[in-house]
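Residue numbers (my numbering): 24 to 237.
Don't be surprised by glycine CBs; every beta carbon is placed ideally from N, CA and C.
All figures in this text were calculated on a predicted structure; none of them were measured in a lab.
The structure appears below as structure tokens.
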Amino acid sequence: MNPFSVIKQSDGVLSAIKKLRKILFDNFTIKDAEIWLKRLQRQIKSRNKAIRSRRQYNLSIGALCKLETNVGHFKHFRKLILNRHIGMGIQSKLGQRVKWANVESSFKSRVKTGIIVNIRHKDLDTFLEDCVVIFKNKIKKILKEHHALKVNTTVCGEFIKKSNDIEILDLNYFNTKNALIDKSTEITDWFKDNVQDKILKNYRNLRRKIVGGH
Numbered sequence: 024m025n026p027f028s029v030i031k032q033s034d035g036v037l038s039a040i041k042k043l044r045k046i047l048f049d050n051f052t053i054k055d056a057e058i059w060l061k062r063l064q065r066q067i068k069s070r071n072k073a074i075r076s077r078r079q080y081n082l083s084i085g086a087l088c089k090l091e092t093n094v095g096h097f098k099h100f101r102k103l104i105l106n107r108h109i110g111m112g113i114q115s116k117l118g119q120r121v122k123w124a125n126v127e128s129s130f131k132s133r134v135k136t137g138i139i140v141n142i143r144h145k146d147l148d149t150f151l152e153d154c155v156v157i158f159k160n161k162i163k164k165i166l167k168e169h170h171a172l173k174v175n176t177t178v179c180g181e182f183i184k185k186s187n188d189i190e191i192l193d194l195n196y197f198n199t200k201n202a203l204i205d206k207s208t209e210i211t212d213w214f215k216d217n218v219q220d221k222i223l224k225n226y227r228n229l230r231r232k233i234v235g236g237h
């Protein structure tokens with residue numbers, strides 16, 4: 024299957040998950056979970072294969088970003104299923120509330136992409152507070168190999184909206200600009216100034232628009 028067909032197919036699978044999310048993740052059995060885990064793993068594998076074949080098919084930056092984004096979504100949903108349905112109860116440790124996952128980069132070897140998966144948080148503030156701990160640990164490891172980094176982030180927020188009495192998942196993206204991190208950077212402060220404050224401001228602006236109906 025060529026990458027363009029892969030993108031179209033992954034968009035279809037993602038759309039189905041968004042429409043059926045409540046049923047998929049709240050009401051299905053362990054057997055259902057195992058089926059979906061395998062299905063999502065196949066999606067991840069085929070998307071990564073398409074990313075690796077980017078030169079063969081001369082994929083645009085937009086197509087590559089779409090593939091990376093969908094891989095991130097599939098990894099997010101896979102970890103949700105793993106933690107909610109495969110032998111996991113109610114937990115409170117950091118690693119059981121948020122998890123890091125690497126995403127295969129479609130760009131130069133020095134460009135790294137990773138996602139922090141929200142497993143249990145319903146509040147954006149507390150999710151970001153947990154994110155900074157994982158983020159700080161990852162950045163410190165990368166800084167052992169590189170003197171300085173340019174970092175940007177995207178938070179994908181899930182909003183449940185009703186359409187004809189059916190709950191549908193709507194995804195909204197909150198982006199931050201590239202900002203420098205080097206070995207002298209206080210990463211916790213950097214995260215607050217460049218990610219946490221900006222994302223929360225954009226999120227609250229969006230909520231006001233939704234409530235205000237415009």
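Exercise. Tell me where the alpha helix (DSSP H) around I240 begins and ends.
Key: Here the chain has residues from 24 to 237 only, and residue 240 is not among them.
Quiz item: What does DSSP give as the partner residues of V140 in its beta bridges?
Solution: K122
Quiz prompt | Where A86 falls, given that 16 or more other Cβ within 10 Å makes a residue buried | solution = buried
Quiz item: From L223, I183 and K159, pick the residue whose C-alpha is nearest to that of K206; which is it?
Solution: K159
Practice problem: Within its chain, find whatever has a CB closer than 8 Å to the CB of I113; leave out the 5 residues flanking it on each side and keep chain order. | Solution: Because I113 sits at a pLDDT of 42, beneath the cut-off of 50, its placement in the model cannot be relied upon, and the point is left open.
Quiz item: So, is K98 buried or exposed, given that buried needs 16 or more other C-beta atoms within 10 angstroms?
Solution: Its Cβ being crowded by 16 or more others within 10 Å, K98 is buried.
Quiz item: Does DSSP put L63 in a helix, in a strand, or in coil?
Solution: helix
Quiz item: Can you give the Cα-Cα distance for H169 and T136, rounded to whole angstroms?
Solution: So the alpha carbons of these two residues sit roughly 15 Å apart.
Practice problem: Assign L82 to one of three DSSP states: helix, strand, or coil. | Solution: coil
Self-check item: Burial state of K200, where buried means 16 or more other Cβ atoms lie within 10 Å
Solution: exposed
Quiz item: For V178, which of helix, strand or coil comes out of DSSP?
Solution: strand
Quiz item: Do you know offhand how far I142's Cα is from I104's?
Solution: 9 Å
Self-check item: Span of the beta strand (DSSP E) around D216
Solution: Secondary structure note for D216: it is in no beta strand (DSSP E), with a DSSP letter that is neither H nor E.
Quiz prompt | Classification of Q64 by the beta-carbon crowding that lies within 10 angstroms, buried from 16 upward | solution = exposed
Quiz prompt | Three-way DSSP call (helix, strand, coil) for H71 in this model | solution = Correcting the residue identity first, residue 71 is Asn in this sequence and not His. In the structure shown, N71 sits in a helix (DSSP, three-state: H, G or I).
Quiz item: Can you tell me the Cα-Cα spacing of K122 and T149, whole angstroms?
Solution: 14 Å
Quiz item: Does the distance from the CB of I139 to the CB of V126 come in under 9 Å?
Solution: no
Quiz item: Does DSSP classify N201 as helix, strand or coil?
Solution: coil
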